[in-house]
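Q: Here's a structure for you.
2 protein chains.
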Amino acid sequence: MNSPPKTVVIGAGPVGSLAALYAAQRGHKVEVYELRPDLRKPGTIPLNFTKSINLAISERGINAMRHASHSSLLEAVMAGTIPMYGRMIHGRNSSGALFQQAQPYDARGKAIYAIDRSGLNFRLLDVLESMPNVSLFFNHKLTGADFGKRRAWLEDSQHADGNRHTEIEIGFDLMIGADGAHSAVRYHLMKFSRMDYHQEYIDTLWCEFSIGPQTDDKSASKFKISPNHLHIWPGREFMFIAIPSADGSFTCTLFMPSKQVKDLENDPSALPTFFDLHFPGVTDLIPAESLIWSFKKNPHLPLISIKCRPYHHGSSGVIIGDAAHSMVPFYGQGMNAGFEDVRILFSIIDRHAGVCDNGAAESLHASMSSSQRAEALAEYSAVREPDAHAINDLALQNYIEMRSSVLSKRYRLRKYLEEFMSVNFPSFGWHTKYARVSFSNEGYAEIVRQSKHQGEVLVYCLAGLVASPGIGAAAYFTFRSRNSIFSALGSFFGFI
Amino acid sequence: MNSPPKTVVIGAGPVGSLAALYAAQRGHKVEVYELRPDLRKPGTIPLNFTKSINLAISERGINAMRHASHSSLLEAVMAGTIPMYGRMIHGRNSSGALFQQAQPYDARGKAIYAIDRSGLNFRLLDVLESMPNVSLFFNHKLTGADFGKRRAWLEDSQHADGNRHTEIEIGFDLMIGADGAHSAVRYHLMKFSRMDYHQEYIDTLWCEFSIGPQTDDKSASKFKISPNHLHIWPGREFMFIAIPSADGSFTCTLFMPSKQVKDLENDPSALPTFFDLHFPGVTDLIPAESLIWSFKKNPHLPLISIKCRPYHHGSSGVIIGDAAHSMVPFYGQGMNAGFEDVRILFSIIDRHAGVCDNGAAESLHASMSSSQRAEALAEYSAVREPDAHAINDLALQNYIEMRSSVLSKRYRLRKYLEEFMSVNFPSFGWHTKYARVSFSNEGYAEIVRQSKHQGEVLVYCLAGLVASPGIGAAAYFTFRSRNSIFSALGSFFGFI
């Protein structure tokens, strides 16, 4: 039997860890290198301290873990999650009273799940550590990679001696770069692959806040607001969201243009008033001093959008996750798309290796030639590019639409009609774009195409409605009854 | 007196060397770090072995050296150049005979100058080495930079000991990244500055060839073809150019889509036939075996186009030249724009330091605060971005137009009218876009605006011509007499 391929994964975040697991299950000799210390060790600054600690995992992420075929991973991961069946839009109605409106994501009760990034990462690392063919290396920085000779150089920051660092040289058959938006793998890959690359910052910063658990003993719930919703305080230029955590708290994110952030940085004491004006009710949930403290203590971080192509070089290198397609968070798909990358990448490699459903993956992967792997990686780049670009665009569009000062009536009407069709005529396979993105595994690019098609069909339907006063009137009254500004805004912030 | 600022330049190519010279002349303590060995040492592979060895230097590049105010630099550099007063278009006329047509660049005899990249680099390094406040370090690779703490880390590849490399840590007030398209400075700067970044490869590869000197003793010239022209063999999809060297040879470049390159790679023996078909006359200048040998030996390299913004971070980092705006070579402005970066960057820093024409630059630079330098760098980014993007677009447009399968008559007519106006009515300040780019120091963005304006004026002129039969007829006949396909193509390849 041939010796198994050696796969080096750079980056031990959730996406890199899942990729390592997929490779390990196919018998590869896997080495994972992570720049930062092991996040499982006490006292370690969270691995992803520049990333949001709360995430929504949905079908694509779950499906990728399902396909990892690990006996307990999915169950263990999902046990710590909280289902969110819809959005909860917060605001003030015309008479000035606080207002909450729930909007289910799906007529049949499908949910997305609030998950703790570190917890997920912990579990994946624990699984990897238990596997005999996986080695984990922390505090290792990739300083160079030659994708022609399949050699890479890493610096071990823990074993530095004065100004002399220990540099190790390693060989590999395949290097998988899952090292995030500022990927070092991508940087070195670019010297070998003729990569078209585009990165852009949007003029919005984000900052994390927290709603503490319920402290009122008489309350039946440990949560101050519904744990089964993703809470949104919409605004034209600002937005505040809250996602539940298992301990009864909510992790919250404020999104705001950099100019306003600067203004508040100059006078953080204005924060409670600012919140009362734009995010009614939040100061009842977060005390003013805690609001100010979080704003001062937590970083104000930018949002980057990255598109590139191809994702690979020859048979030896490929980038996945944020390294390949960082996106703005307004569709809640960043990590889900990264997990899906792993599933699709390995399904394509499997096929080129000749792996069928009934196994023998290890020996087939071991006997795979480098030209077969090169073909697989080329197919991965070709297949994945349109989908990665599509979800990137969807996320960015939601941001742009979100900021457009006028919420067009046509947009709101379409949103409503789509949901109406989806709920009332599910057998037509009519789903909202949001549902297709969050609850299916359809290609993102295909969803965009379908959605465009649905839009055209809707125009005809609308013409039909006008021609049939009965249906038209029924639709109109249903629409009117739900058509508060918050409903419209909620559909509109269709992102999560 | 305050101690002088410490300026670290990464990259000792022509642009980095010129930047180091500018800094040194302002009293900075300058350190230059170059990844590769000293190109002046015998046996060193040329520093820029992945770059074309022949270049055309024009007004912007010359002006930047002029402003370096070094007693002998400009004179020494220009002594080795060869003026090119126009294009020489090569082809076959309708009866199949070989054909050459000269097209002057400028009615008043202005020229661009063929220059040897290594020779230019040699001179600049020699000048730097003679200065007491400049230190040159070769074989040093930038591995990290913290633009907040102003510290950087470099690996000394010459003093490696097994797998333990010597890493040095240095401090700096200002780091200037002139380390080319794959800039490490830019990579690290991106982690500090919110940089929008775009890179794109065009589907054209280039390969270098050489026309040897005249070997016929009876010939009066050591050149086989005119030394005072830039020779162009145009083609719809391909192009071959030749630039003179002082020894009587010509350095030539073939540009070709990657598919055709691959076809020829599979059968290099087809090269002479291919050349005879597309570049008539070249096989009389380059023997067939030499043509094949060059194609096999020399790399087939891609062309990258890079745009980004901003170019700086705070008061501590800035990128210039290809690191900031690699462009395709179809306007002959790459190095010229890089040299101009240096002139403009230091003129802005000078102004913020309070430097007037009459000097005291050293003490003023020494007493410049970091917030003053931050303002200067921010101004540089703001001022330079539109110009860098404009020349990038111009270069790319020329490439796109070059490849358009139909040479539009309107385009050719405009080209002709512009040249007609420029030659016959110079006092109107009417210049072709090419002349403005190559013979002036006007901002590139302003040239694009002016050129658009000229285009509009031309429409009116044209209307006038039609209305005045006398002028119209005169213009028509002049036009007809010059209007061979090669003339049109030549104007069209207006790039160099």
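As given, the protein sequences belong to chains A and B, one line each in that order. Here the first sequence stands for residues 1 to 496, where the numbers follow UniProt numbering. Here the second sequence stands for residues 1 to 496, where the numbers follow UniProt numbering. Even for Gly, the Cβ is constructed at its ideal location relative to N, Cα and C. Everything numeric in this text was worked out from a predicted model, so none of it was measured.
#1: Just the Cα atoms here: how many angstroms apart are Met239 (chain A) and Asp276 (chain A)?
#2: Could you check whether the segment 2-11 of chain A touches the segment 104-112 of chain A, counting it as contact only if at least three pairs of C-beta atoms, one from each stretch, sit closer than 8 Å?
#3: Counting C-beta neighbours from all protein chains within 10 Å, is the total for Ile304 (chain A) 16 or more, i.e. buried, or is it exposed?
#4: Report the residue from B:Thr166, B:Cys207, B:Arg236, B:Gly13 whose alpha carbon sits nearest the alpha carbon of Gly91 (chain B).
#5: Taking only the alpha-carbon atoms, compute the straight-line gap between Leu407 (chain A) and Tyr85 (chain A) and give it to the nearest angstrom.
#6: Going by beta-carbon coordinates alone, are Gly314 (chain A) and Phe172 (chain A) separated by less than 9 Å?
#7: Cβ of Gly180 (chain A) within 9 Å of Cβ of Ser326 (chain A)?
#8: Compare the C-alpha of Gly144 (chain B) against each of B:Phe99, B:Met190, B:Gln25 and name the closest.
#9: Quick check: Met335 (chain B) and His231 (chain B), are their CB atoms within less than 9 Å of each other?
#10: Whose C-beta lies closer than 8 Å to the C-beta of Leu396 (chain A) among residues of the same chain, with five residues either side of it excluded?
#11: For Pro287 (chain B), go through chain A and note every residue whose CB falls closer than 8 Å to its CB, in chain order.
#12: Does the distance from the C-beta atom of Ile168 (chain A) to that of Val9 (chain A) stay below 9 Å?
#13: At which residues does the beta strand (DSSP E) containing Ser114 (chain A) begin and terminate?
#14: Taking DSSP as the reference, what is the three-state secondary structure of Thr215 (chain B)?
#15: Smallest Cα separation from Gln100 (chain B): which of B:Arg449, B:His453, B:Gly281?
#16: Any idea if Phe55 (chain B) is buried or exposed, counting beta-carbon neighbours within 10 angstroms, 16 or more meaning buried?
#17: Classify Asp263 (chain A) as buried or exposed, calling it buried when 16 or more other Cβ atoms lie within 10 Å of its own Cβ.
#18: Ile320 (chain B) by DSSP, collapsed to three states: which one?
#19: Report yes if the CB atom of Ala102 (chain B) is closer than 9 Å to the CB atom of Thr81 (chain B), and no otherwise.
#20: Could you tell me the distance, in whole angstroms, from the CA atom of Lys6 (chain B) to the CA atom of Val185 (chain B)?
#21: I'd like to know if Met256 (chain A) contacts chain B, where contact means its C-beta is closer than 9 Å to some C-beta of that chain.
#22: In three-state terms, what does DSSP make of Ala102 (chain B)?
#23: Starting from Gly86 (chain B), trace the beta strand (DSSP E) both ways and give me its first and last residue.
#24: What residues in the segment 188-210 of chain B have a beta carbon less than 8 Å from any beta carbon of chain A?
#25: Can you find a CB in chain B that lies within less than 9 Å of the CB of Ile304 (chain A)?
#26: Look up Met131 (chain A) in the DSSP assignment and give the residues it is bridged to.
#27: If you draw a straight line from the C-alpha of Gly354 (chain A) to the C-alpha of Ser316 (chain A), how long is it?
#28: So is Gln158 (chain B) buried or exposed if we call it buried at 16+ other beta carbons inside 10 Å?
#29: At the level of alpha carbons, what is the spacing between Asp322 (chain A) and Tyr311 (chain A)?
#30: Could you have a look at Ala145 (chain B) and say whether DSSP puts it in helix, strand or coil?
#31: Let me know if Lys452 (chain A) comes out buried or exposed under the rule of 16 or more other beta-carbons within 10 Å of its beta-carbon.
#32: What are the residues that DSSP puts in a beta bridge with Arg194 (chain B)?
#33: Sort B:Cys207, B:Leu174, B:Ser135 by Cα distance to Lys296 (chain B) and report the nearest one.
#34: Would a C-beta distance cut-off of 9 Å place Glu59 (chain A) and Asn441 (chain A) closer than the cut-off?
#35: Listed in chain order, which residues of the segment 141-158 of chain A have Cβ atoms closer than 7 Å to some Cβ of chain B?
#36: Output needed for Glu31 (chain A): all residues of its chain with C-beta closer than 6 Å, excluding positions within five of it in sequence on either side, in chain order.
A: With the structure as the only source:
#1: 13 Å
#2: no
#3: buried
#4: B:Arg236
#5: Bear in mind that a pLDDT of 43 at Leu407 (chain A), under 50, signals an unreliable position, so the model cannot answer this.
#6: no
#7: yes
#8: B:Met190
#9: no
#10: Ile202, Ser305, Met327, Val328, Phe330
#11: Within 8 Å Cβ-Cβ: nothing; Pro287 (chain B) doesn't reach chain A, min ~32 Å.
#12: no
#13: Checking the sequence shown, residue 114 (chain A) turns out to be Ala, not Ser. Segment 112-116, the beta strand (DSSP E) holding Ala114 (chain A).
#14: coil
#15: B:Gly281
#16: The question names Phe, yet the displayed sequence has Leu at residue 55 (chain B). When all chains shown are included, Leu55 (chain B) counts as buried.
#17: exposed
#18: coil
#19: no
#20: 17 Å
#21: no
#22: strand
#23: 86-92
#24: Met190, Lys191, Arg194, Met195, Asp196, Tyr197, His198, Gln199, Glu200, Tyr201
#25: yes
#26: Paired residues: none, contrary to the question.
#27: 19 Å
#28: exposed
#29: 12 Å
#30: strand
#31: exposed
#32: The partner list for Arg194 (chain B) (beta bridge, DSSP) is empty, contrary to what the question assumes.
#33: B:Cys207
#34: yes
#35: Thr143
#36: Val8, Ser135
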